[in-house]
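In the working numbering, the protein residues as written are 22 to 373. Below you'll find the structure, written out as structure tokens, and then a few comments.
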């Protein structure tokens, strides 16, 4: 199954999502038979239907912090994925403020909806959650919700990082390294900045050091929309040397194509010959393939002839044995009983 990331919406600040200049709702990762619903903000459930995302297939809803544009549809998604608790399904992974609340704020996740899923996990920076052959790491983020976390997904095919909402600090750069894909919440365009969110200038600093195969910018504020995210992505790419895409509402991308590990696997399919032997090897591939095919066909034909000959001999022997055994019915009956005993034992072991 090919993995994919679907961006339900790309709205960032309240001026953009309140007027729905861009849709909101977070994004969804599908990989290895699992579905992860990340930061279900306003309209996440509605956008899911529009983008052909089935909430019932959700493995985990993951919320990085309690702000409305990241968490408002959490309870709605949980209700949809579990038939309002009738069929408990999946897990919730969120930071402390979403599950427990913080001073002046009630928890985003209701007590009722806690009981609609199999388990609820509270994640803090540095913690890890394993799902079979995958791992999800909570990484540091600097935001006005002090419990905000970023995410790093380690799958069999790729490593994906997500900054969530965070200010820029040099200390954060190290944790974004070794990502095949880095999704960045870039609220501000070049020349603008804030204490709680990243700008295009910050993206250049991060990408110049981390060098992922691909960076995707999303979560745009009013200034970013005015500057045009596509133009900002081009500038970031030019200055950082990293391929950058500006996400659009409903955009779907396959992370497998940007996996360094998958590229290495492809390269390993080819022999590591000396450089001066490469050309000769390329010219001989087709010829060798034809010879191998002809040899395989000859081998298959010989095998079929041999098989026919053995079957004929076996049939002749069986007919001869049947004629000889006609005079010994009691012995034949006894042999059948012996044959049936090990069959019963085998069946018992399989059932066990």
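We put the beta carbon where it would ideally sit given N, CA and C, even for glycine. Computed from a predicted model, the values in this text were never measured in an experiment.
Going by C-alpha distance, which of the options is nearest residue i?
| i | options | result |
| --- | --- | --- |
| residue 239 | 212, 271, 263, 114 | 271 |
| residue 39 | 93, 27, 87 | 93 |
| residue 42 | 243, 219, 88 | 243 |
| residue 138 | 178, 78, 35 | 78 |
| residue 146 | 135, 160, 140, 249 | 160 |
| residue 262 | 231, 274, 249 | 231 |
| residue 168 | 233, 88, 194 | 88 |
| residue 165 | 186, 149, 65, 212 | 186 |
| residue 201 | 116, 28, 264, 54 | 264 |
| residue 163 | 216, 207, 220 | 216 |
| residue 58 | 26, 222, 131 | 26 |
| residue 70 | 49, 115, 266 | 49 |
| residue 276 | 227, 235, 131 | 235 |
| residue 72 | 63, 60, 32, 28 | 28 |
| residue 179 | 241, 233, 97, 76 | 233 |
| residue 241 | 132, 130, 208 | 208 |
| residue 86 | 222, 148, 30, 118 | 118 |
| residue 188 | 199, 97, 227, 75 | 227 |
| residue 237 | 114, 44, 181 | 181 |
| residue 222 | 253, 74, 176 | 253 |
Under three-state DSSP, which class holds residue i?
| i | result |
| --- | --- |
| residue 156 | strand |
| residue 37 | helix |
| residue 190 | coil |
| residue 56 | strand |
| residue 244 | helix |
| residue 288 | Legend: pLDDT at residue 288 = 43, less than 50; position of this residue unreliable, no value from coordinates given. |
| residue 27 | strand |
| residue 83 | strand |
| residue 99 | helix |
| residue 227 | helix |
| residue 251 | helix |
| residue 140 | strand |
| residue 65 | helix |
| residue 89 | helix |
| residue 109 | coil |
| residue 119 | helix |
| residue 257 | helix |
List the residues that DSSP assigns as beta-bridge partners of residue i.
| i | result |
| --- | --- |
| residue 77 | According to DSSP, which records beta bridges pairwise, residue 77 is partnered with nothing at all. |
| residue 209 | 220 |
| residue 168 | According to DSSP, which records beta bridges pairwise, residue 168 is partnered with nothing at all. |
| residue 163 | DSSP, once it has assigned bridges, lists no residue as partnering residue 163. |
| residue 183 | 172, 204 |
| residue 235 | 202 |
| residue 51 | 25, 56 |
| residue 149 | 158 |
| residue 32 | 241 |
| residue 126 | 123 |
| residue 265 | 236 |
When the Cα atoms are used, what is the spatial distance from residue i to residue j?
| i | j | result |
| --- | --- | --- |
| residue 99 | residue 128 | 15 Å |
| residue 107 | residue 121 | 24 Å |
| residue 192 | residue 104 | 43 Å |
| residue 197 | residue 203 | 7 Å |
| residue 95 | residue 84 | 8 Å |
| residue 135 | residue 46 | 20 Å |
| residue 251 | residue 112 | 35 Å |
| residue 34 | residue 218 | 10 Å |
| residue 190 | residue 249 | 25 Å |
| residue 102 | residue 110 | 7 Å |
| residue 36 | residue 65 | 18 Å |
| residue 245 | residue 91 | 18 Å |
| residue 68 | residue 273 | 13 Å |
| residue 214 | residue 268 | 20 Å |
| residue 280 | residue 23 | 12 Å |
| residue 259 | residue 116 | 35 Å |
| residue 220 | residue 60 | 20 Å |
| residue 266 | residue 211 | 16 Å |
| residue 54 | residue 183 | 20 Å |
| residue 126 | residue 255 | 39 Å |
| residue 148 | residue 56 | 20 Å |
| residue 31 | residue 140 | 29 Å |
| residue 131 | residue 82 | 14 Å |
| residue 97 | residue 247 | 32 Å |
| residue 74 | residue 199 | 29 Å |
| residue 114 | residue 76 | 16 Å |
| residue 229 | residue 176 | 24 Å |
Round the Cβ separation of residue i and residue j to the nearest angstrom and send it over; I've been treating them as touching at under 8 Å.
| i | j | result |
| --- | --- | --- |
| residue 142 | residue 155 | Contact doesn't hold; Cβ gap of about 14 Å is too wide. |
| residue 152 | residue 52 | Not really, about 10 Å apart at Cβ, beyond 8 Å. |
| residue 205 | residue 170 | So it is not a contact: roughly 15 Å between Cβ atoms. |
| residue 225 | residue 194 | Not a contact, Cβ separation roughly 12 Å. |
| residue 172 | residue 157 | 6 Å |
Between residue i and chain C, is there a C-beta pair that is closer than 8 Å?
| i | result |
| --- | --- |
| residue 184 | You won't find chain C in this structure, because it holds only one protein chain. |
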